[in-house]
Amino acid sequence: MLFGAGLVRDTLAARHERGARFLVQPASEERPPGHDTLFVVRADGRLEPVTEAREAAWAEGDTLVLLGPVPHESADTITSGTSPPL
Numbered sequence: 001m002l003f004g005a006g007l008v009r010d011t012l013a014a015r016h017e018r019g020a021r022f023l024v025q026p027a028s029e030e031r032p033p034g035h036d037t038l039f040v041v042r043a044d045g046r047l048e049p050v051t052e053a054r055e056a057a058w059a060e061g062d063t064l065v066l067l068g069p070v071p072h073e074s075a076d077t078i079t080s081g082t083s084p085p086l
């Protein structure tokens, strides 16, 4: 299964809709807390998805495509149903 059982299409879409953002960073950098690795872009341009069966190992020069966590909502935002000002 692509990305693993916890990251099926509907879950990814809902997480993004609630504010989670994609991050692209060098694989050599520490992965931020709460981020899931979706793809490894190899130094030669090949794209390797992370699957339920295996976490893609990275090498020097590779790039990671990550999905971040949903930002925390304030209690006012949740109760009023409005979005905070931008």
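Numbering follows full-length UniProt numbering, in which position 21 of the sequence shown is assigned residue number 21; successive positions increment by one, without gaps. Positions of the beta carbon are idealized from the N, C-alpha and C atoms, including for glycine.
Straight across, the Cα-Cα distance linking GLU60 with ALA43 is about 8 Å. Rounded to whole angstroms, the gap between the alpha carbons of LEU12 and VAL65 is 13 Å. Take the alpha-carbon of ALA56 and the one of ARG31: they are about 14 Å apart.
Taking C-beta atoms as the reference points, VAL40 and GLU48 count as a pair closer than 8 Å. A direct Cα-Cα distance of roughly 22 Å separates ARG18 from GLN25. With a beta-carbon spacing of about 12 Å, LEU7 and HIS35 fall beyond the 8 Å limit used to define contacts. Under DSSP, LEU23 shares a beta bridge with LEU66. Between ALA14 and THR63 the beta-carbon gap is near 26 Å, outside 8 Å, which marks them as no contact. Annotation for GLU48: no alpha helix (DSSP H) segment contains it, though the beta strand (DSSP E) segment containing it runs 47-49.
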